[in-house]
Amino acid sequence: MELILAVVIALVVAVAVTSGLVISGRKKKQLPPAEPPSTTPTITAPPAEPHVGDEAETPREEPRRTVEEVGLPTAEEAVETPAAVEDPVVAEAPPAPEIEVPEPTAGRLVRLRARLARSQNSLGKGLLTLLSREHLDEDTWEEIEETLLTADVGVAPTQELVERLRERVKVLGTRTPEELRGLLREELITLLGDYDRTVHTESPQDVPGVVMVVGVNGTGKTTTTGKLARVLVADGKSVVLGAADTFRAAAADQLQTWGDRVGARTVRGPEGGDPASIAYDAVKEGIAEKADVVLVDTAGRLHTKTGLMDELGKVKRVVEKHGPLDEILLVLDATTGQNGLIQARVFAEVVDITGIVLTKLDGTAKGGIVVAVQRELGVPVKLVGLGEGADDLAPFEPAAFVDALIGD
Numbered sequence: 030m031e032l033i034l035a036v037v038i039a040l041v042v043a044v045a046v047t048s049g050l051v052i053s054g055r056k057k058k059q060l061p062p063a064e065p066p067s068t069t070p071t072i073t074a075p076p077a078e079p080h081v082g083d084e085a086e087t088p089r090e091e092p093r094r095t096v097e098e099v100g101l102p103t104a105e106e107a108v109e110t111p112a113a114v115e116d117p118v119v120a121e122a123p124p125a126p127e128i129e130v131p132e133p134t135a136g137r138l139v140r141l142r143a144r145l146a147r148s149q150n151s152l153g154k155g156l157l158t159l160l161s162r163e164h165l166d167e168d169t170w171e172e173i174e175e176t177l178l179t180a181d182v183g184v185a186p187t188q189e190l191v192e193r194l195r196e197r198v199k200v201l202g203t204r205t206p207e208e209l210r211g212l213l214r215e216e217l218i219t220l221l222g223d224y225d226r227t228v229h230t231e232s233p234q235d236v237p238g239v240v241m242v243v244g245v246n247g248t249g250k251t252t253t254t255g256k257l258a259r260v261l262v263a264d265g266k267s268v269v270l271g272a273a274d275t276f277r278a279a280a281a282d283q284l285q286t287w288g289d290r291v292g293a294r295t296v297r298g299p300e301g302g303d304p305a306s307i308a309y310d311a312v313k314e315g316i317a318e319k320a321d322v323v324l325v326d327t328a329g330r331l332h333t334k335t336g337l338m339d340e341l342g343k344v345k346r347v348v349e350k351h352g353p354l355d356e357i358l359l360v361l362d363a364t365t366g367q368n369g370l371i372q373a374r375v376f377a378e379v380v381d382i383t384g385i386v387l388t389k390l391d392g393t394a395k396g397g398i399v400v401a402v403q404r405e406l407g408v409p410v411k412l413v414g415l416g417e418g419a420d421d422l423a424p425f426e427p428a429a430f431v432d433a434l435i436g437d
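Position 379, counted from 1, in the sequence shown is what the numbering used here calls 408; the numbers after and before it change by one each time, with no gaps.
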């Protein structure tokens, strides 16, 4: 009985404990959970932008601060340029080149006669001295012949001149200094030939006259082209220059400098560009500007004869699409003597030379080269260079040239 009572009591206690746990759990579920403290910061929306016509509201939470408090520059400081910043340097445009007025070409060779005579008198004076001898024997005539050959007159022209001199001296009988000088003057002028020495710069068509300048680099070709522009401008003609010597780097700059000095426009292209294309554009520009003359400076390299032929031939053909070439001038260095004649032959095979320009005739050149080159090519010397001056290119005048050779 006691055992049964103990079991009953144990059951009652177990039921009571279980009921208490259930009630206690229900009560905990019914209680509202405690709100944890908020860690998210409060975000205040910015004030709305004012509409047109409305004034913007200033938040009253924060007092306005002065410029000094904020740390912004004042109006005076904002205008002031910081010392570390330098003003930009603006390059000034180069001044336009002053247009020069070239010296008139009429009688220019006469004015340069003294300069020519200084280096050429040895020929004239030597011949006069020999001809003035009391007895003109065979030895004397051989000396006269040698003097002429040394002056680069050439073999055939020398023989012709000596034969004529011998005949006239024999007929003359007496030989006063004045008679000898007159005799020698006449024969030398005859030896120089009766050529048309006009530089043709007028086209038969309604286009500018076109002059192509050829020659070996180093003979003064580009400089001669620039000086020729001065000659033409001095004679009242308008000129366009074509810088078709693209082989030599400084040629285009050099030619443009010459053109700028007399107000002549220079048409040029890139270094190493097609010379024929530049020549074509130069003539086209001359037509558009209604210029009187277009001067085309060409390349003068002689590395291979075939390449030179191809290039100059192409330039000639392209230029002639606008109209015929009126003049092809070959520039030769008068100091090169027989080497210059070899160059002349090469160029004569490439293009039809119509005239010759002899440069450096005032230096160590020998006057006989004028005769020799004319005989070699069958074309006249039309211009001669007598110095480094801008106006030292002169039309060739046989009488003035001979007078410079033999003196007064």
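Note that beta-carbon positions come from the ideal geometry of N, C-alpha and C, so glycine has one too.
For VAL260, which three-state DSSP category applies? Position 231 of the sequence shown, counting from 1, holds the residue named residue 260. Here VAL260 sits in helix by DSSP.
For the region 342-361 against the region 374-390, do three or more pairs of beta-carbon atoms, one drawn from each stretch, fall closer than 8 Å, so that the two count as touching? yes
Exposure of VAL269, with buried meaning 16 or more beta-carbon neighbours within 10 Å: Here the question's residue 269 lines up with position 240 in the sequence shown. Buried: at least 16 other Cβ atoms inside 10 Å.
Assign LYS350 to one of two classes, buried (16 or more other C-beta atoms within 10 Å of its C-beta) or exposed (fewer than that). Translated into positions along the sequence shown, residue 350 becomes position 321. Exposed, by the Cβ-count rule.
What span of residues does the beta strand (DSSP E) with VAL291 cover, start to end? Translated into the one-based positions of the sequence shown, residue 291 becomes position 262. Counting along the chain, VAL291 falls outside any beta strand (DSSP E), though it belongs to the alpha helix (DSSP H) covering 280-291.
Which stretch, first to last residue, makes up the alpha helix (DSSP H) that contains ALA311? Here residue 311 corresponds to residue number 282 of the sequence shown, with the count starting at 1. Here the alpha helix (DSSP H) through ALA311 covers 304-318.
Can you find at least 3 beta carbon pairs, one from the region 316-331 and one from the region 233-247, that sit closer than 8 Å? yes
From ASP381 to GLY407, what distance separates their C-alpha atoms? Indexing the sequence shown from 1 puts residue 381 at position 352. Indexing the sequence shown from 1 puts residue 407 at position 378. So the alpha carbons of these two residues sit roughly 11 Å apart.
Since LEU434 and GLY414 should fall inside the 8 Å C-beta cutoff, what is the C-beta to C-beta distance between them, to a whole number of angstroms? Taking the first residue of the sequence shown as 1, we reach residue 434 at position 405. Taking the first residue of the sequence shown as 1, we reach residue 414 at position 385. 17 Å between Cβ atoms; not a contact.
LEU157 to VAL191, Cα distance in whole Å? The residue you call residue 157 lines up with position 128 of the sequence shown. The residue you call residue 191 lines up with position 162 of the sequence shown. If you take the alpha carbons of LEU157 and VAL191, they lie about 13 Å apart.
What three-state label does DSSP hand HIS332 in the structure shown? Residue numbering aside, residue 332 sits at position 303 when the sequence shown is read from its first letter. Residue confidence is low: HIS332 scores 47 on pLDDT, short of 50, so the model does not pin down where it sits. Its coordinate-derived value is still stated next. Taken through DSSP and simplified to helix, strand or coil, HIS332 comes out as coil.
Look at the alpha carbon of GLU426 and the alpha carbon of VAL400, and state the distance between them as a whole number of angstroms. As a position in the sequence shown, residue 426 is number 397, starting the count at 1. As a position in the sequence shown, residue 400 is number 371, starting the count at 1. If you take the alpha carbons of GLU426 and VAL400, they lie about 13 Å apart.
Helix, strand or coil: which one does DSSP assign to VAL410? In the sequence shown, counting from the first residue as 1, residue 410 sits at position 381. If DSSP states are grouped into helix, strand and coil, VAL410 belongs with the strands.
Among GLU318, TRP287, GLY271, nearest to SER306 - alpha-carbon criterion: Position 277 of the sequence shown, counted from the first residue, corresponds to residue 306. Minimum Cα distance to SER306 is reached at GLY271.
Decide if PRO61 is buried, meaning its Cβ has at least 16 other Cβ atoms within 10 Å, or exposed. One-based indexing of the sequence shown puts residue 61 at position 32. Note that PRO61 has pLDDT 46, beneath the 50 cutoff, so the model's placement of it is unreliable and the number below is only indicative. PRO61 should be labelled exposed.
Rounded to the nearest angstrom, what separates ALA308 and VAL262 at their Cα positions? For the purposes of this step, residue 308 is taken as the residue at position 279 of the sequence shown. For the purposes of this step, residue 262 is taken as the residue at position 233 of the sequence shown. Near 20 Å, if we compare the C-alpha coordinates of VAL262 and ALA308.
Residues of its chain near LEU50, where Cβ-Cβ distance is below 8 Å and the 5 sequence neighbours each way are ignored: Translated into positions along the sequence shown, residue 50 becomes position 21. Caution applies to LEU50, whose pLDDT of 38 falls short of 50 and renders its modelled position unreliable; the model cannot decide the point.
Could you check the C-alpha separation between ARG142 and THR227 for me, to the nearest Å? For this step, residue 142 is matched to residue 113 along the sequence shown. For this step, residue 227 is matched to residue 198 along the sequence shown. Rounded to the nearest angstrom, the two C-alpha atoms are 20 Å apart.
Exposure label - LEU201; buried when at least 16 CB within 10 Å: Counted from its first residue, the sequence shown places residue 201 at position 172. Under this definition LEU201 is an exposed residue.
To the nearest angstrom, how far is the alpha carbon of ASP339 from that of LEU324? Sequence index remark: in the sequence shown, residue 339 carries index 310 (1-based). Sequence index remark: in the sequence shown, residue 324 carries index 295 (1-based). Taking the straight line joining both Cα atoms gives about 20 Å.
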